[in-house]
Each structure stands twice: as structure tokens, then as C-alpha cells.
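For reference, each letter of the sequence shown is one residue, going 6 to 600 in my numbering.
Ideal placement from N, C-alpha and C gives every residue a C-beta, glycine not left out.
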Amino acid sequence: MKSFWKTIQNTILGRDIPLEERLSARMIISSSFASFLGMIVCLFAHTHIIAVILTAILAFGLPIFYSICIYYGKRKLLINTLVVGIIIGMPFIFLYGGGIRSGMSLWLVYEILYFALSLTGTIQVVSVVAAVILSVGSFAVAIFTPYHYVLQSNHDILVSILGSTLIVSAMVLYMTNFQKKLYNSEYAIVENQKRELDEYASRVERANRSQKIFLANMSHEVRSPMNVVLGFNRLICESNDVKEIHEFARSIESAGESLLVIINDILDYSKIEAGKMDLFPSEYDLDELAFMCHSGTDILMKQKGLTFEWYIDPTIPKTLYGDNLRIRQCVTNLLTNALKYTHKGLVQMRFMNNGITEENGIKFVSLSIIVADTGIGISEDQKKELFTRFQRLDESTNRAIEGTGLGLALTKSIVDMMGGSIDVESFLGRGSRFTINLRQRVVKMESMKRNVEEVQEGAAEKKSSAAAGLKILVVDDNNTNLVLMNHILKQMEATPVTASSGLETLERVRSEKYDIIFMDHMMPDMDGVETFRRMKKMEHLNMETPVIMLTANAMSGAAEEYAQEGFAGYLSKPVRPEAIEKELERIQASHATKS
Ligand code: ADP
6 MKSFWKTIQN TILGRDIPLE ERLSARMIIS SSFASFLGMI VCLFAHTHII
56 AVILTAILAF GLPIFYSICI YYGKRKLLIN TLVVGIIIGM PFIFLYGGGI
106 RSGMSLWLVY EILYFALSLT GTIQVVSVVA AVILSVGSFA VAIFTPYHYV
156 LQSNHDILVS ILGSTLIVSA MVLYMTNFQK KLYNSEYAIV ENQKRELDEY
206 ASRVERANRS QKIFLANMSH EVRSPMNVVL GFNRLICESN DVKEIHEFAR
256 SIESAGESLL VIINDILDYS KIEAGKMDLF PSEYDLDELA FMCHSGTDIL
306 MKQKGLTFEW YIDPTIPKTL YGDNLRIRQC VTNLLTNALK YTHKGLVQMR
356 FMNNGITEEN GIKFVSLSII VADTGIGISE DQKKELFTRF QRLDESTNRA
406 IEGTGLGLAL TKSIVDMMGG SIDVESFLGR GSRFTINLRQ RVVKMESMKR
456 NVEEVQEGAA EKKSSAAAGL KILVVDDNNT NLVLMNHILK QMEATPVTAS
506 SGLETLERVR SEKYDIIFMD HMMPDMDGVE TFRRMKKMEH LNMETPVIML
556 TANAMSGAAE EYAQEGFAGY LSKPVRPEAI EKELERIQAS HATKS
């Protein structure tokens, strides 16, 4: 029974039911209601009992018959029986309801209107034509023959005409209104679909455009520094003035750094897209992380005349566990943007403690890393596109500012990978505030003892070279790289020795003792890993010497693979003196703890 009512209810109210069925459901309900009212009029107008019985059959029989047919899926039978029943029944109702001297003529018109509005196709034409012929026939019978029921009193005629006029008018109003509503709702659906299609098309169009702009940008962003590198290099080759050469070299260095940032961003993004980006969490001190972020952009902020403030909430536990390099990359991205899009005023970096929680005996701190600026700001509309790949906002005003549109998309992907979130608050012309929310495992609960100034002093006090006095073997098949490493190591007060192949390396380690070996990976004939494996198998003077992999392979997981192979450390090219310094310090510290 429940499913019976559900089927009926669905057919009458369901939005996914075909239009025609919804229409006929409404029409049948309205017709049975109209027949019921017609029956009352017949009773009050004292018509022949046959008219009362026929209207009663329509009033009660229609919904019952309709429900049964719908439940058993006999829609065609329903429509055909209904049409035939009405066509045959109506002349009798007309003749026994009072004929032309009553309101019955209106019901004949209503019948034709009903067929015209509720049916479609052949059955509509056939039923309308049949109804018209039978109506005319009924009128003829009523006029030319005495064999029909005539209402006796004026009162009955008036009741019949008045009642019929009111009911038929109400039904016509209902039918036309329902048609209008149906039309409007269908029109709204079509409009909606059209809007969705338009939106989709413009999204595709925007994506295509931003892809094109991205490629144009990228070409510009890569070619400009390359132009600087090649141009200044030529000038260096032609110049004899040492001061001038220094200036040119500094320009080359800064162009190279910009290029490296772009290459790293593209590689990172490709890694994320390919699902190959991994996080490498380790223990780290938050104050040191903050200091590194600060020192990376501090000079540039000063050069641009911006005030750069930073703050670390002293209640944040000192040592945390997470991928500090990736966190640093995200914060540096935000700081670089603040620097680029702020022309005057202030940039702030704040590390805040949002509370410490405990799960299964492990403590976690909720960190908020806030980077705020008083720069050009971002409009409400633009915020929606902010973290979209390749999307640079307002190309017309930003064109003069370097950028690829990858930075924020990358930052968001990394923050998402770390289970965090990134938010932005910004007002056009007044500035922006980016907040990274992250949960990090607490390693040591003690609060940071060192305050911000101490971190700065500590860093400044660090002695400059961990390489001083060391004899270092550098292995690389590329002569330019050897020359470069030779210079860097000499500047770090070390004594570099070079080897340009695996075989030469094997000879050198037999005849000479070194404090450190830097080994390139990709070399013809015998690569770095193979050379290292052979070194482990043979007798030589450097069995205890730490071997550091120095390679252009910066793919995720590379460091771990080399560590598994037995390398003491890993550095990726292009290598900077600070990175060498850090790696040497790390290795020396781990040797000191072992011995
Ligand atoms: P880009 O390399 O263009 O800086 P990002 O992905 O880092 O790429 O940023 C996307 C866009 O967001 C930028 O082009 C810029 O329009 C806007 N934007 C990012 N940070 C800021 C900021 N601090 N102030 C104003 N606009 C910003």
C-alpha cells in the first residue's frame, strides 16, 4: 500500500517525471474535482438522475482508475479509456443535465479545451474533432428532438448556468495557470543550463587564456635572466676593469638565482601533479626556521625601503617535528610575494601558537604562520583565483612585476600535503595577510629559550668556514663544475683536489688521504654510485672518509636513496657555499657525537 501511494505521489509531484505525465496527472485531478462540483450543481438544479450519476462516476471513478493504471504502468490504457469515456459520457450529461436551457453548453466547451490542453499528437486531434462533432450533435438533438431532459423552473436554470459558469471559469483559470507555471519552470531549467554552459565555456576560455599567458610569462621569466647571464658574461670576457667585472658577476648571480627559483617551482609543481612529491619530516628548531626565512628576504626588503618585522610567540615549544624545508619554502614564497607586491610600508612575519593538544601521549602544536603586508592588496573577485595554477591576477598592473603564477598554487599544494590550510585576507590598495595553519608534532616541550635577537646573534656569530683546513677531493666529469668547486672551496679555506672520472678517483683514493670527497653522480663509463661501490670493495687510504653526493638529481627521495647507498651526505646542484658549509657542519657534528 505504501509503495502504491508513493508511486501516485511521485507521478503527481515528482520533478523528474516527464512533462506530459505531470500534465495529465494535474488535469485528471482537476477534472475529477470539477466533476464533483458539477454533480453538486446537477443536484441543486434538479437535473435528471442520469446526469448526477455520470458526473459522480467521473468525480470518483477518475482518480481511482487513474491511480490503478499508474501503479500498473498502464498509461496508454488510462488516456485512451479516459478520452473515450468523456467523449461518450458528455452528450448524455449534456442532454440529461438540462441541454441548451442550462449551463451544460459550457461543459462541452470545457471538454474541448481540456483535450486541447492536456493531450498531444494524434489522440489530441482525434479527441478534439470527436468532441466538436458530438457537441454539435448534442445541440442538434437538444433543439430538434423533445427526447431530452428540460429543467422545469427558472430557478433551476439559473443555478445550473451560474454554477457551471463559476466552475468552468475556475477550471480554465487553473488549467491555463498550470500550463504557464510549467512553461516558466521549464524555461528556468533551460536558462539555468544555458548559464551553466556559458560559465563552463568561459572557465575553459579563462583556463586556455591563463595557460597562454603562463607560457608567455614563463618564456619571459626564463629568457630575461638568461639574457642577463649571457650578456654580462660576454661583457666580463671583454672587460679589464676588476670593479666592473664584479658588478657584472653580481648581476649574473642574481639572474641565476631567479632562474633557479623558477626551475625549482616548475619541478615541484610537476612532482605534485605526478603525485611524486614526498615530505621529509625531521626534528627542527622553529626559531632557526624563522631566522632562515627572515634572512632570505631581509636585505631585499631593506633595499626596497620596506620595514620588515618578525615575531615568534615564545610559548611555541622549541623543537618540533615536520618538513621544515617545505615550510620554509612556503613562508619564503609568501614573503617574496609580500616583497614584490608592496611598494611602501611594512611586511610582517609572525609565528603564533594556537594551542597544544595531546593524542595518545604525543603533543602537537597548532601553528599559525602569518605574512602580512601593506601592499597593493587583492580584490574579492581575484581572491577566488588566487591559488589557481598559472593564475596571475590583474595582468595589466602586475606585468611589470616578475612572476609566473605558480608560487601560491605550489604553496597551497604543499600546505595541503602537510594537512594544513592557507587563508588570505586582503583589501585592494591596503594590503594582504596570508595565514598558514599547520599542526606540528612537539619534540621538546620547553619554550624557546633564545629570543629573536639571540637567534640573530647566534647566527651572526657562527664561524664562517667548516671547510677550513680540509683536504677535499672533488669528482666531476664536467670541467666547469670542477673549476667552480675549486674556487668555492679555496674561498672556504679548504684545499681542493679534483678528479674527472671514476677511474681517476679510484687511483687518487689509493695514493692520497682526503678529509672529504664530493662525488658527482652522472659520469660516463663509471658513474658516481658505481665508483663509490668499488671504493667500498677495495683497499685504499680513504675507507673512513665521508663521501658526499654532489649531483644535479634533485628529485624527491634522492637524498634517501644516496643515504641507503652509504653516502655520508647529499648536495644538489647548483650548489651554494652556504649549503656546503651546512652539510660539512652536519657531518662534523655527527662524527663528533660518534667518537
Ligand atoms: P606570481 O609568480 O605571479 O607572484 P603567485 O602564485 O605567487 O604568482 O601569486 C599569484 C598572484 O596573486 C600574483 O600574480 C599577484 O597578482 C597576487 N598576489 C600574491 N601575493 C600577493 C600579495 N602579497 N599582495 C598582492 N597580490 C598578491
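- Between Glu252 and the set Asn491, Val234, Leu100 and Leu264, the nearest pair of CA atoms involves Val234.
- With contact defined as three or more Cβ pairs closer than 8 Å, the segment 266-286 and the segment 344-356 are not in contact.
- In terms of Cα proximity to Arg27, the closest of Leu124, Asp292 and Ala594 is Leu124.
- DSSP lists Phe439 as the bridge partner or partners of Val429.
- The beta carbon of Asn342 sits closer than 8 Å to at least one heavy atom of the ligand ADP.
- Looking only at Gly574, Leu122, Val57 and Ala573, the smallest Cα-Cα distance to Tyr101 is reached by Val57.
- One alpha carbon belongs to Glu262, the other to Glu363, and they sit about 42 Å apart.
- Per DSSP, reduced to three states, the secondary structure at Glu565 is helical.
- Collapsing the DSSP output to three states places Val580 in coil.
- In this structure, Gly382 lies near Ser437, with their beta-carbon atoms less than 9 Å apart.
- Relative to the Cα of His53, the nearest Cα in the group Thr393, Val155 and Met354 belongs to Val155.
- The Cβ neighbour count for Met497, taken over all protein chains shown within 10 Å, is at least 16; the residue is labelled buried.
- Burial state of Gly410 is buried, judged by a 10 Å Cβ sphere holding 16 or more other Cβ atoms.
- About 36 Å separates the beta carbon of Val227 from that of Leu325, a gap too long to meet the 8 Å contact definition.
- Only buried fits Gly507, as 16 or more other CB atoms lie within 10 angstroms of its CB.
- In this structure, Phe432 has its beta carbon at no less than 8 Å from each heavy atom of the ligand ADP.
- Inter-segment contact for the segment 372-391 and the segment 350-364 is present: three or more beta-carbon pairs are separated by less than 8 Å.
- For the options Lys542, Lys417 and Glu535, the alpha carbon positioned closest to that of Met554 is the one of Glu535.
- For the segment 504-531, the continuous beta strand (DSSP E) assignments of 3+ residues that do not extend past its boundaries occur at 521-524, in sequence order.
- Checking the DSSP bridge columns, you'll see Phe356 partnered with Ile317 and Ile374.
- Following the DSSP letters along the chain, one finds Tyr326 inside the beta strand (DSSP E) bounded by residues Pro322 to Gly327.
- When the beta-carbon positions are compared, Leu340 and Cys298 come within less than 9 Å of each other.
- With respect to Ile477, Leu494 sits close: the two C-beta atoms are nearer than 9 Å.
- Distance from the CA atom of Lys349 to the CA atom of Thr379, rounded to whole angstroms, is 7 Å.
- Looking at the DSSP output, Thr347 shares a beta bridge with no other residue.
- Here Asn182 is exposed. Its C-beta has fewer than 16 other C-beta atoms within 10 Å.
- With 16 or more other CB atoms across the displayed protein chains lying within 10 angstroms of its CB, Ser165 is buried.
- Take the alpha-carbon of Leu82 and the one of Ser215: they are about 59 Å apart.
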